[in-house]
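Engineer: So for the sequence shown, the working numbering puts the first residue at 4; every next one is plus one.
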Amino acid sequence: MKSSFSGNLSFTIFGESHGSAIGVTIEGLPVGFQPDMEALRAFLSRRAPGNSPLSSSRKEADLPEFVSGLFDGRVCGGPVTALIRNTDARSSDYDTNGDGSQKSQNVPRPGHADYTAELKYRGFQDYRGGGSFSGRMTAPLCIVGGLCLQLLAQRGIAVSSRAVEIGGISGSAEALEQRILQAKAEGDSVGGIIEVCAAGVPGGLGGPLFEGLEGRIAQTVFAIPAVKGIEFGSGFEGSRLRGSENNDPFRMDGGEVITASNRSGGILGGISDGMPLVFRVAVKPTPSIGKTQQSVDIISNANTDLTITGRHDPCIVPRALPCMEAATAIVLLDALLERKKEEPWT
Ligand SMILES: Cc1cc2nc3c(=O)[nH]c(=O)nc-3n(C[C@H](O)[C@H](O)[C@H](O)COP(=O)(O)O)c2cc1C
4 MKSSFSGNLS
14 FTIFGESHGS
24 AIGVTIEGLP
34 VGFQPDMEAL
44 RAFLSRRAPG
54 NSPLSSSRKE
64 ADLPEFVSGL
74 FDGRVCGGPV
84 TALIRNTDAR
94 SSDYDTNGDG
104 SQKSQNVPRP
114 GHADYTAELK
124 YRGFQDYRGG
134 GSFSGRMTAP
144 LCIVGGLCLQ
154 LLAQRGIAVS
164 SRAVEIGGIS
174 GSAEALEQRI
184 LQAKAEGDSV
194 GGIIEVCAAG
204 VPGGLGGPLF
214 EGLEGRIAQT
224 VFAIPAVKGI
234 EFGSGFEGSR
244 LRGSENNDPF
254 RMDGGEVITA
264 SNRSGGILGG
274 ISDGMPLVFR
284 VAVKPTPSIG
294 KTQQSVDIIS
304 NANTDLTITG
314 RHDPCIVPRA
324 LPCMEAATAI
334 VLLDALLERK
344 KEEPWT
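(1) Examine the Cβ distances between the region 42-60 and the region 178-189 and report whether three or more of them are shorter than 8 Å.
(2) May I ask you to list the residues that DSSP assigns as paired with Gly-26?
(3) Just to confirm the assignment, what range does the alpha helix (DSSP H) spanning Thr-223 have?
(4) How close, in whole Å, do the beta carbons of Arg-283 and Glu-234 come, if the pair is a contact with beta carbons under 8 Å?
(5) Taking the runs of the alpha helix (DSSP H) that are 4 residues or longer, which of them lie wholly in the region 245-288?
(6) From which residue to which residue does the beta strand (DSSP E) around Ala-305 run?
(7) Under 6 Å from any heavy atom of ligand 1, by CB: list those residues in chain order, please.
(8) Mind listing, in chain order, the continuous alpha helix (DSSP H) runs of no fewer than 4 residues lying wholly within the region 302-348?
(9) Which residues does DSSP list as the beta-bridge partners of Asp-300?
(10) What does Ala-45 pair with, by DSSP beta-bridge criteria?
(11) State the Cα-Cα distance for the pair Leu-144 and Trp-348, rounded to the nearest angstrom.
(12) My assumption, with CB atoms under 8 Å, is that Leu-86 sits in contact with Glu-68. Please give the rounded CB distance.
(13) Is the region 285-297 close to the region 111-128, with three or more CB pairs under 8 Å?
(14) Comparing C-alpha positions only, which one of Arg-266, Phe-253, Glu-30, Gly-195 sits nearest to Ser-173?
(15) Based on the DSSP secondary-structure assignment, which residues constitute the bridge partners of Ser-71?
(16) Which first and last residues belong to the alpha helix (DSSP H) in which Arg-165 is found?
(17) Take Leu-128 and list the residues in its own chain whose beta-carbon comes closer than 6 Å to its own, dropping the five residues that flank it on each side.
(18) If I follow the unbroken beta strand (DSSP E) through Ala-201, where does it start and stop?
(19) Beta carbon of Ser-275, beta carbon of Gly-190: below 9 Å?
(20) Just reading off the beta strand (DSSP E) that Lys-5 is part of, what are its end residues?
(21) I need the DSSP call for Ser-135, collapsed to helix, strand or coil.
(22) Are the region 27-35 and the region 10-19 touching by the rule of at least three beta carbon pairs closer than 8 Å?
(23) Please say whether Ile-220 and Thr-141 have beta carbons closer to each other than 9 Å?
(24) Just to confirm, is the Cβ distance from Ile-333 to Val-147 under 9 Å?
(25) Hey, would you say Arg-44 sits closer than 9 Å to Leu-66, going by beta carbons?
(26) On the three-state DSSP scale, how would you describe Val-230?
(27) Going straight from the alpha carbon of Val-193 to that of Gly-170, what length do you get?
(28) Looking at C-alpha atoms only, which residue of Leu-32, Ser-23, Asp-308, His-315 is the closest neighbour of Leu-336?
(29) Out of Leu-271, Gln-153, Thr-307, Leu-122, which one is the CA nearest neighbour of Glu-214?
(30) Nearest by alpha-carbon distance to Gly-241: which of Ala-229, Gly-80, Arg-266 is it?
(31) Using DSSP bridges, identify the partner residues of Ile-172.
(32) Counting along the chain, where does the alpha helix (DSSP H) carrying Leu-152 start and finish?
(33) Return yes when the Cβ of Gly-273 is within less than 9 Å of the Cβ of Gly-207, no when it is not.
(34) According to DSSP, Gly-209 sits in a beta bridge with which residue or residues?
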């Protein structure tokens with residue numbers, strides 16, 4: 004299982020949804036950096052469950068405990084390890100008969116990773132709460148990303164995100180919320196589209212081929228469960244335009260080169276062009292729903308019905324917003340550290 008991001012910044016995410024703890028070990032954070040723990044906790048609480056009728060009722064404060072790598076509140080050079088204890092796991096939800104006789108490992112949830120985890124790990128996987136496939140594994144991702152966001156802010160870079168569509172509709176925050184609550188009331192779920200923007204990104208980050216910012220962002224964003232698509236700038240819509248319509252004209256602005264439009268989403272040739280980075284992410288509807296679904300019992304090899312009783316998000320989008328910001332910040336900080344090493348010898 005590869006749970007590591009390896010670049011100028013490296014980290015490994017560990018733990019399972021219903022194990023004793025989840026966490027992350029990070030290497031490559033700049034020495035002397037003093038994380039703002041209050042800001043980090045506020046960031047993590049946007050992702051934590053149990054804070055709203057739009058999210059799972061599993062109640063987890065998600066307070067990180069830093070056990071190494073900080074001295075006097077500053078990064079001291081060794082690996083930084085942060086833990087989050089799991090305090091509200093209810094593993095009996097994954098015995099689908101409630102008495103341990105039928106487990107989600109034996110009757111896989113449609114749309115979830117139960118079946119593919121079984122194929123890969125041959126029965127040894129921790130299936131409780133989705134194990135390492137749980138959306139809960141994005142909490143450690145948000146610890147790293149939260150720290151990266153603070154470092155980027157010190158260089159004038161701000162990453163933000165918003166839901167632009169829920170369940171096929173766009174509109175006011177209230178309308179989108181209603182769409183989620185309606186699905187929840189019907190024992191169902193909805194997906195949506197998230198737009199991410201990074202402002203203040205300097206030109207020159209990234210590179211061609213496998214160094215390209217789009218590829219690096221896509222790979223990190225796809226580490227977030229339930230992500231099914233990504234488009235940069237004008238994306239799929241741009242493919243329907245003419246070159247004359249899709250190209251962004253270059254202009255001079257107070258001695259600086261800018262583009263008059265931003266259909267490239269701030270990236271040309273895999274390299275940032277100094278305009279805001281803009282991309283959109285498709286998030287699928289939550290697979291675990293209240294409605295009875297068709298599945299199979301892989302022990303008796305028979306078709307069966309499955310009714311899921313656990314606590315689940317009726318829509319993943321609201322809790323995925325900070326995850327998208329975290330993934331983006333990780334790639335941008337990694338590219339910024341790389342850029343530092345590329346400075347010409349003068
Ligand atoms: C923040 C977050 C919360 C999630 N919550 C749930 C949930 O409550 N129930 C569920 O079935 N899936 C949830 N998921 C999605 C599943 O983890 C995901 O669909 C599953 O692992 C299969 O992976 P895939 O959809 O990427 O193929 C969540 C994902 C994220 C990012």
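C-beta atoms are modelled at their ideal positions from N, C-alpha and C, and glycine is treated no differently.
Here the structure is a predicted model, which means the values were calculated and not measured.
Structural biologist: Taking the coordinates as given:
(1) Judged by Cβ distances under 8 Å, the region 42-60 makes contact with the region 178-189, as three or more pairs qualify.
(2) DSSP output for Gly-26 lists Phe-17, Leu-86 as bridge partner(s).
(3) Here the alpha helix (DSSP H) through Thr-223 covers 216-224.
(4) With a beta-carbon spacing of about 5 Å, Arg-283 and Glu-234 fall inside the 8 Å limit used to define contacts.
(5) Correct list: 246-249.
(6) First-last of the beta strand (DSSP E) with Ala-305: 305-309.
(7) One residue after another in chain order, those with a Cβ under 6 Å from a heavy atom of ligand 1 are Ser-59, His-115, Ala-116, Gly-133, Phe-136, Ser-137, Gly-138, Thr-141, Ile-227, Pro-228, Ala-229, Lys-287, Thr-289, Pro-290, Ser-291, His-315, Asp-316, Ile-319, Arg-322, Ala-323, Cys-326.
(8) As summarised for the region 302-348, the continuous alpha helix (DSSP H) elements at least 4 residues long and confined to that stretch are 320-344, given in chain order.
(9) Answer by DSSP bridge pairing, in chain order: Ala-305.
(10) Residue pairing from DSSP leaves Ala-45 without any beta-bridge partner.
(11) Cα to Cα, Leu-144 sits roughly 35 Å from Trp-348.
(12) Yes, Leu-86 and Glu-68 are in contact; Cβ-Cβ is about 5 Å, under 8 Å.
(13) These segments touch.
(14) Of the candidates Arg-266, Phe-253, Glu-30, Gly-195, the residue whose Cα lies closest to the Cα of Ser-173 is Gly-195.
(15) Beta-bridge annotation (DSSP): Ser-71 is paired with Thr-84.
(16) Looking at the DSSP string, Arg-165 is not in any alpha helix (DSSP H); the run it does join, the beta strand (DSSP E), is 161-169.
(17) Here the sequence assigns Gln to residue 128, which means Leu is not the residue at that position. So the qualifying residues of the chain are Ala-120, Gly-134.
(18) 195-202 is the span of the beta strand (DSSP E), which, as asked, contains Ala-201.
(19) At the C-beta level, Ser-275 and Gly-190 stay beyond 9 Å of one another.
(20) Boundaries for Lys-5: no beta strand (DSSP E) harbours it, and the DSSP string shows neither H nor E there.
(21) Looking at Ser-135 - three-state DSSP - the assignment turns out to be helix.
(22) Judged by Cβ distances under 8 Å, the region 27-35 makes contact with the region 10-19, as three or more pairs qualify.
(23) Not a contact, by the Cβ cut-off of 9 Å.
(24) Taking C-beta atoms as the reference points, Ile-333 and Val-147 count as a pair closer than 9 Å.
(25) Yes.
(26) The answer is strand: DSSP assigns Val-230 an E or B state.
(27) Cα-Cα distance, rounded: 5 Å.
(28) The residue with the shortest Cα to Cα distance from Leu-336 is Leu-32.
(29) The shortest Cα separation from Glu-214 among Leu-271, Gln-153, Thr-307, Leu-122 belongs to Leu-271.
(30) For Gly-241, the nearest C-alpha among the options comes from Arg-266.
(31) Ile-172 is bridged by DSSP to Ile-169.
(32) Run containing Leu-152: 141-156, per the alpha helix (DSSP H) assignment.
(33) With a cutoff of 9 Å on beta-carbon distance, Gly-207 and Gly-273 are scored as not near each other.
(34) According to DSSP, Gly-209 bridges with Ile-274.
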